[in-house]
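> Got a structure for you, written out below as structure tokens; questions coming shortly.
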Amino acid sequence: MPDLTTAGPPLGTDLLDARLTTVLRHCRDMAPDIRAAGAAIERDPDAIVTLLDLPAVAVLRAAATPQRYQYETPDLDGVTLTGTSCLEWTVVLEAVSYGDPGLVLAGPGPSLSGAAVAALGSEAQCADYFARMAGPTWTFFALTEPNKGSAVLELETRLDRAPDGDGWLLNGAKRFVGNGARAQLGVVFCRRAPGPWGIEAVLADTSDPGFRGELLPTVGLRGARLSHLRFDGVRVAPAQVLGLDRPPSRRGFHGAMTTLLRCRPTIAGMALGVGEAACDYAARQRPHLPAGQRARLEAMRHRIGAVRRLVYEVAADIDAGVVNAHRVGAVKMRAGHVGAEATMLAVDLLGPGSLLEHPWLAKASRDVRGFEYMEGTTNVHRQSIFQGLLKGTFFPERAA
1 MPDLTTAGPP LGTDLLDARL TTVLRHCRDM APDIRAAGAA IERDPDAIVT LLDLPAVAVL
61 RAAATPQRYQ YETPDLDGVT LTGTSCLEWT VVLEAVSYGD PGLVLAGPGP SLSGAAVAAL
121 GSEAQCADYF ARMAGPTWTF FALTEPNKGS AVLELETRLD RAPDGDGWLL NGAKRFVGNG
181 ARAQLGVVFC RRAPGPWGIE AVLADTSDPG FRGELLPTVG LRGARLSHLR FDGVRVAPAQ
241 VLGLDRPPSR RGFHGAMTTL LRCRPTIAGM ALGVGEAACD YAARQRPHLP AGQRARLEAM
301 RHRIGAVRRL VYEVAADIDA GVVNAHRVGA VKMRAGHVGA EATMLAVDLL GPGSLLEHPW
361 LAKASRDVRG FEYMEGTTNV HRQSIFQGLL KGTFFPERAA
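Given below as structure tokens:
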């Protein structure tokens, strides 16, 4: 298949060491096969079951699985993924999304729920959970609710003590849950008691009595298979409550925020991957653009590179234990905007009717807008940025 990438490393990748540069290059080289897979998933999201032998599927799973639990090592020119690095995960998801973000969202593996289990789970819980990833296992992360959105402190899904005293019963509903109706297991955030420390994260098996899931119709990112979930008295044993041996302040609410902050740079990376792919697509379709239009395209590439560098900085800080929630939200917000603007620039450069004449560009334009609603919307992040500026904590303190 034809090479989809431009010559040389993408702008803004100078922070990457040789190891991650190799990972980036290897994943970018998979782009033609990933894009073909994305087209198949767009036509029928269930087509993912025929695509599990793609090397990119194994890479995505390894990037979200701590190394000690990995049952296979993808061939990445001698590089082994740690499965615990935010920067590494961001690089992988951005590069795969350059090919197509649908494969990222449709494939099996730990994804967001794995990050929650790794952050909160006991050694036994982690071992049991990641052991199930040895096969093609789909998972879900259920936080958003029909009435409250993703406001963690306002959850209505309840974890009530079972009348017989044997564990708890899970009751409530979740909405816009990726792969929820098709997964085998996942993490559900719920309320056991009032206040922030009354929130719990529990492991739920979709085969348990009382669990129901239905797919929601979507226009973009069809591979995500967004779902509506209902829990009607789903039995939850003590072993299913993540971090039950921890104090309440280090359990459910802590796990939700830790997972969201860790995953926001990856969503930013995905948006930038789609945006850069749109720029490259326009350049291939119109190799002889007038000087003014070439300048607009080059300016967009530099904007993508500048935001990419900020995303990588934030992800590296998270790996170093420095988590500035205001900046994390800022880069996620800005990356989503830039990715969307890049697709619209490509549409403009290819002229009237381009969305009809170029199905891939039409798909990319739909897909990239979905990132606005993943891991916090623009308004949520603007409020956080304002608070950071007000308190003087937005800008990091860098060593001289």
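Letter 46 of the sequence shown, counting from 1, is numbered 46 in full-length UniProt numbering, and no numbers are missing.
Heads up, the beta-carbon is just placed ideally off N, CA and C, and yes, glycines get one too.
Just so it is clear, the structure is predicted and the values come from calculations on it, not from any experiment.
#1: Using the three-state DSSP reduction, which class does residue 332 fall into: helix, strand or coil?
#2: Let me know the secondary structure DSSP gives residue 227 once reduced to three states.
#3: Drop a sphere of 10 angstroms on the beta-carbon of residue 50, count the other beta-carbons inside from all chains shown, and report buried for 16 or more, exposed for fewer.
#4: For residue 82, collect the residues of the same chain with a Cβ closer than 7 Å to its Cβ; drop the 5 residues on either side in sequence, then sort them by chain order.
#5: Do you know whose CA, among 319, 303, 289, 284, lies nearest residue 10's CA?
#6: What does DSSP give as the partner residue(s) for residue 178 in the beta ladder?
#7: Nearest CA to the CA of residue 138: which residue from 112, 246, 122?
#8: For a quick check, are the C-beta atoms of residue 101 and residue 38 less than 9 Å apart?
#9: Checking 9 Å against the spacing of the C-beta atoms, do residue 334 and residue 368 come in under that value?
#10: Name the one or two DSSP bridge partners that residue 149 has.
#11: What are the partner residues of residue 190, as DSSP defines its beta bridges?
#12: Have a look at the DSSP bridge pairing and note the partners of residue 171.
#13: Looking at residue 142: is its Cβ nearer than 9 Å to the Cβ of residue 180?
#14: What did DSSP end up calling residue 255 once you bin it into helix, strand or coil?
#15: Note down the Cα distance separating residue 299 from residue 338, rounded to an integer number of angstroms.
#16: Between 105, 235, 243, which lies nearest to residue 183 when the distance is taken from Cα to Cα?
#17: Could you check whether the stretch 113-131 touches the stretch 239-248, counting it as contact only if at least three pairs of C-beta atoms, one from each stretch, sit closer than 8 Å?
#18: Applying the criterion that 16 or more other CB atoms from any shown protein chain within 10 Å of the CB defines a buried residue, is residue 80 buried or exposed?
#19: For residue 211, does the count of other Cβ atoms within 10 angstroms reach 16, so buried, or fall short, so exposed?
#20: So, using beta-carbon positions, are residue 332 and residue 220 closer together than 9 Å?
#21: From 295, 268, 16, 377, pick the residue whose C-alpha is nearest to that of residue 279; which is it?
#22: First and last residue of the beta strand (DSSP E) that includes residue 213?
#23: Going by DSSP in three states, residue 1 sits in which element: helix, strand or coil?
So, from the listed chains and residues:
#1: Helix.
#2: DSSP places residue 227 in strand when its eight states are reduced to three.
#3: By the 10 Å Cβ count, residue 50 comes out exposed.
#4: Excluding its 5 nearest sequence neighbours in each direction, residue 82 has C-beta neighbours in its own chain below 7 Å: 67, 88, listed in chain order.
#5: Residue 10 has its Cα closest to that of 303, out of 319, 303, 289, 284.
#6: According to DSSP, which records beta bridges pairwise, residue 178 is partnered with 226.
#7: Comparing C-alpha distances from residue 138 to each of 112, 246, 122 shows the shortest one belongs to 112.
#8: Taking 9 Å as the Cβ cut-off, residue 101 and residue 38 qualify as a contacting pair.
#9: Not closer than 9 Å, so no.
#10: BP columns for residue 149 point to 145.
#11: The beta-bridge partner set that DSSP reports for residue 190 consists of 200.
#12: DSSP lists 158, 232 as partners of residue 171.
#13: A Cβ-Cβ contact shorter than 9 Å links residue 142 with residue 180.
#14: Helix at residue 255.
#15: In a straight line, the C-alpha of residue 299 is about 11 Å away from that of residue 338.
#16: Selected option, being the one with the closest Cα: 105.
#17: Result yes; three or more Cβ-Cβ pairs closer than 8 Å.
#18: Classification of residue 80: exposed, given that the 10 Å Cβ count is below 16.
#19: Classification for residue 211: buried.
#20: No, Cβ-Cβ distance for residue 332 and residue 220 is not below 9 Å.
#21: Among 295, 268, 16, 377, the Cα nearest to that of residue 279 is on 295.
#22: Residues 211-215.
#23: In this prediction, residue 1 has a pLDDT of 45, which is less than 50 and means its spatial position is unreliable; nothing more can be read from the coordinates.
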